[in-house]
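Everything on this sheet refers to the single structure shown next.
Protein chains: 2
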Amino acid sequence: MKDHNGTVLLVDQEPVVIDKIAGWLSGAGYRVEVVKDSAVALDWWREHRPEVVICDVGVSGIGGLTLLSAITTEDKETQVIMLSSESDRESIVQALRLGAADFLLKPIDDYTVLEHAVSRGVADNRLMRQNRTYKEELEATNAKLKESFRLLKEDQEAGRTVQLKFLPPAKRQYDTLSIDYRIIPSLYLSGDFIDYFRISEHKIGFYLADVSGHGASSAFVTILLKTMANKIRRKMLTTLPELFSPAGMLTSANEELIPLSLGKHLAIFCGMIDMQKNELTYCSAAHFPPPLLVNGGKIQAIDGKGLPLGIFEGVTYADSTLPLSDDFSLILLSDGVLEVIPDKSVAEKETFLMEMASKGHHNIDQVMEFLSLAEVTEAPDDIAILIVSRNS
Amino acid sequence: MKDHNGTVLLVDQEPVVIDKIAGWLSGAGYRVEVVKDSAVALDWWREHRPEVVICDVGVSGIGGLTLLSAITTEDKETQVIMLSSESDRESIVQALRLGAADFLLKPIDDYTVLEHAVSRGVADNRLMRQNRTYKEELEATNAKLKESFRLLKEDQEAGRTVQLKFLPPAKRQYDTLSIDYRIIPSLYLSGDFIDYFRISEHKIGFYLADVSGHGASSAFVTILLKTMANKIRRKMLTTLPELFSPAGMLTSANEELIPLSLGKHLAIFCGMIDMQKNELTYCSAAHFPPPLLVNGGKIQAIDGKGLPLGIFEGVTYADSTLPLSDDFSLILLSDGVLEVIPDKSVAEKETFLMEMASKGHHNIDQVMEFLSLAEVTEAPDDIAILIVSRNS
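The listed protein sequences correspond, in order, to chains L and G. Residue 175 in the working numbering is what sits at position 175 of the first sequence, and the numbering runs on without skipping anything. Add 392 to a position in the second sequence, counting from 1, and you land on the number used in the working numbering.
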């Protein structure tokens with residue numbers, strides 16, 4: 001079935017008609033199969049599926065119209081051209097209703113008209129086949145993509161389950177101090193990370209880290225950070241808890257990250273609250289936006305000048321200390337939050353966050369609501385919120 | 393356009409015909425719009441896209457056949473039924489060629505035939521629209537799936553880049569000792585992990601770990617294992633290198649893993665080669681299949697009875713020691729390799745691996761070739777191969 005313009009099954013009994021049509025179409029580059037009986041023709045059609053069938057209405061066997069009907073019922077793609085003598089003209093409309101593609105009256109005076117009908121039939125048939133094949137391919141691709149996507153999605157979800165185990169409980173009370181946080185990953189795995197821990201009887205430490213990028217690659221670094229921070233922390237605590245300092249932790253973590261050259265850096269804000277002295281000691285390594293401290297009615301944005309971790313060798317970080325009132329809320333947000341505040345410049349977004357704090361939105365639920373974070377289904381970047389507060 | 397069986401545009405000039413057809417079709421539940429001029433009809437059709445157009449061949453304006461041709465050229469979905477008086481019969485074949493769906497002769501004696509033609513036209517039109525919509529939806533879903541898949545894939549690839557940074561160089565020479573390994577992840581991220589390191593001037597340590605499952609969740613645990621092992625190792629080494637032992641490392645790692653309750657356990661084989669004493673000290677925690685030691689011409693499968701890490705609290709692991717010849721190859725494989733050896737029981741697969749070693753396949757390339765691993769594109773599980781050897 002190659003090197004020709006298409007295959008035509010000619011179903012007719014008149015030798016003269018057969019010779020003329022078959023001769024003309026062969027000359028025009030078609031492969032022509034002649035069958036004189038319409039029942040035999042149906043079998044041949046079923047086996048070979050030619051693009052076009054030319055069939056005389058009055059052919060012997062099951063009859064032209066029955067053959068037409070059988071073909072169009074089984075397959076909408078075969079194009080059937082019916083032939084009839086002048087006296088058969090009444091069957092035209094009937095043939096059309098049965099799905100004939102065209103109708104020609106015998107005797108055929110102009111064979112270019114026949115050739116045109118056949119050519120259109122072949123083109124229509126191929127277009128329909130192409131359409132069907134395209135649809136089938138689309139469906140197959142779809143099924144395959146769905147499966148591949150499902151696999152990766154399940155994989156990421158399983159990863160997320162493991163990552164969540166590295167996070168502390170979402171809510172915790174240390175004496176009068178409340179800690180509360182939320183992480184909304186952009187994909188399944190998050191490059192934002194939060195941890196908190198007791199340092200000594202009166203001291204609580206915490207940090208919010210934001211690894212550059214998001215997803216699996218950044219999530220790996222959070223696992224690393226957690227084990228690293230645990231180690232640094234434990235080392236500081238087992239020697240002398242009084243030695244623990246946010247800046248010391250960042251300096252050590254930076255030293256450990258640099259030699260790994262992971263191609264990832266991280267912004268982190270690490271704080272320590274001394275519940276006895278009532279003060280906050282903190283160190284910021286490129287953390288942005290500045291944390292908001294609502295302290296005895298006043299609101300303050302805590303700017304930090306530190307460089308991000310994981311890029312610059314030998315950086316030494318320094319602590320700052322702020323006195324705390326009996327009532328305070330420290331609101332830490334990762335920069336992903338800025339991307340869900342619409343239509344504003346970065347400066348305006350910071351002002352917007354200040355407004356949020358000044359309007360009394362100090363707990364997780366209020367912040368989530370003010371920023372419409374419950375409705376965020378596809379965050380462009382990971383979003384983390386950590387709130388450390390005391391309400392006496 | 394609701395609550396009716398479909399919309400029909402009737403293009404005719406004869407008041408009697410219009411009344412009869414419009415009346416009958418309205419009665420049959422169709423919404424009928426009558427336009428007497430074919431040029432006006434074309435505009436109405438363009439704006440309203442009815443399912444069916446009934447058009448008299450001889451209608452005024454641009455003419456019935458021109459209207460038909462304009463419609464079928466712009467839209468294959470509208471079904472056009474042509475009407476002609478007996479004297480117009482010659483236009484039937486022409487109308488068919490122009491894509492008319494049906495043809496009825498005036499005067500219409502049997503209106504059920506007309507209704508049948510309209511009903512078929514509406515059904516065909518809707519089927520074609522549905523087909524098109526379905527195809528468009530498929531295409532849209534496809535594009536969306538492709539994008540989601542691309543996102544996740546890129547994410548996993550980025551994760552893999554980070555994971556690779558935790559692995560040591562693929563090949564390394566310590567004096568006369570060669571270390572060579574390969575990891576083939578099932579997805580992008582691997583739950584198989586390999587590391588090696590110098591313990592002291594004459595001692596080299598190494599391990600091959602296989603975290604249960606594969607993909608992101610297992611890969612997280614490999615990062616954890618690496619930092620954990622580094623820490624344990626450094627602690628042992630900074631106190632007294634002579635204290636380092638494979639069993640000690642597994643015991644400590646198990647102690648660290650248990651409290652994390654990650655829902656993941658891991659099989660690991662940890663070894664240490666003393667190049668001065670010429671011996672291998674090792675400890676296996678459920679590592680399977682047993683490593684093969686080709687030692688001075690003899691081949692030995694090193695069975696280990698240890699329990700996997702991360703499940704049982706307080707397990708103590710014990711070392712074993714084997715003397716080494718001047719020439720030896722220690723071939724470690726993760727169990728993923730068993731899944732690419734076809735049509736065999738596990739026992740037969742182990743025998744197959746023994747054969748591999750006995751036939752002299754002792755280096756990475758030979759093992760890769762013997763197991764046809766170069767052709768493995770979608771491994772059902774991660775595959776890791778670590779070969780520690782000396783050829784004097």
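From the three backbone atoms N, C-alpha and C, an ideal C-beta is built for every residue, glycine too. If you're wondering where the values come from, they're calculated on a predicted model, not measured in any experiment.
Residue state for Gly205/L is assigned as strand, using DSSP reduced to three classes. Neighbours of Ile268/L across chain G, judged by C-beta separation under 8 Å, do not exist; the nearest C-beta is about 17 Å away. A straight line joining the alpha-carbon of Met228/L with that of Tyr526/G spans about 53 Å. In the displayed model, Phe720/G falls within a strand according to three-state DSSP.
For the 8 Å CB-CB criterion, Leu457/G and Gln486/G form a contact.
For Leu145/L, the neighbours in chain G by C-beta distance under 8 Å run, in chain order, Asn534, Leu537, Lys538, Phe541. Looking from the CA of Met520/G, the closest CA among Val613/G, Gln471/G, His606/G belongs to Gln471/G.
Rounded to whole angstroms, the separation of the alpha carbons of Glu546/G and Leu537/G is 14 Å. DSSP places Leu569/G outside any alpha helix (DSSP H); the residue lies instead in the beta strand (DSSP E), whose first and last residues are 569-576. Put simply, the region 611-619 of chain G does not touch the region 683-693 of chain G. Fewer than three CB pairs are less than 8 Å apart. As DSSP reads the structure, Gly271/L sits in a beta bridge with Phe206/L, Tyr282/L. For Ile473/G, there are no neighbours in chain L by C-beta distance under 9 Å, as the nearest C-beta there is about 10 Å away. Within the region 208-237 of chain L, contact with chain G at the beta-carbon level (separation under 9 Å) is assigned to Gly213, His214, Gly215, Ala216, Ser217, Ser218, Ala219, Phe220, Val221, Ile223, Leu224, Lys226, Thr227, Met228, Lys231. Under the 10 Å beta carbon count, Val400/G is surrounded by 16 or more other beta carbons and is classified as buried. Taking the Cα positions, Val424/G is about 47 Å away from Gly29/L. Counting along the chain, the unbroken alpha helix (DSSP H) around Gln758/G starts and ends at 756-762. Exposed is the label assigned to Asp411/G, since fewer than 16 other Cβ atoms lie within 10 Å of its Cβ. Within chain G, the residues Asn523, Tyr526, Lys527, Leu530 have their CB atoms less than 9 Å from the CB of Lys135/L, given in chain order. Sequence-distant Cβ neighbours of Asn254/L in its own chain, meaning closer than 6 Å and more than five residues away, are Leu309, Val315.
If you draw a straight line from the Cα of Pro185/L to the Cα of Thr673/G, it comes to about 45 Å. No Cβ-Cβ contact shorter than 8 Å links Leu490/G with Ser476/G.
Annotated as distal: Ile194/L and Leu237/L, with beta-carbon spacing of 8 Å or more.
The secondary-structure analysis by DSSP pairs Gly306/L across a beta bridge with Ala285/L.
Listed along chain G, the residues sitting closer than 7 Å to Lys153/L by beta-carbon distance are Leu544. Classified as buried, Glu443/G has 16 or more neighbouring CB atoms from the shown chains inside 10 Å of its CB. Linking Ala749/G to Leu684/G through their CA atoms gives a straight-line distance of about 7 Å. At least one CB of chain L lies nearer than 8 Å to the CB of Arg489/G. For the region 548-564 of chain G, the set of residues with a beta-carbon nearer than 7 Å to any beta-carbon of chain L comprises Gln548, Ala550, Gly551, Thr553, Val554, Gln555, Lys557, in chain order. Neighbours of Ile92/L in chain G, taken as residues at a C-beta separation under 9 Å, are given in chain order as Arg481, Ile484, Val485, Leu488, Phe495.
Taking 8 Å as the upper bound on Cβ-Cβ separation, chain G lies near residues Leu260, Ser261, Leu262, Gly263 of the region 239-263 of chain L. Per the C-alpha coordinates, the member of Asn687/G, Ala739/G, Phe704/G positioned closest to Gly752/G is Asn687/G. From the beta-carbon of Leu579/G, the residues of chain L found nearer than 9 Å are Leu151, Leu152, Asp155. Per the coordinates, the alpha-carbon of Leu260/L lies some 17 Å from the alpha-carbon of Met249/L. Looking from the CA of Pro241/L, the closest CA among Asp274/L, Ile258/L, His265/L belongs to Asp274/L. The continuous alpha helix (DSSP H) containing Pro15/L extends over residues 15-27.
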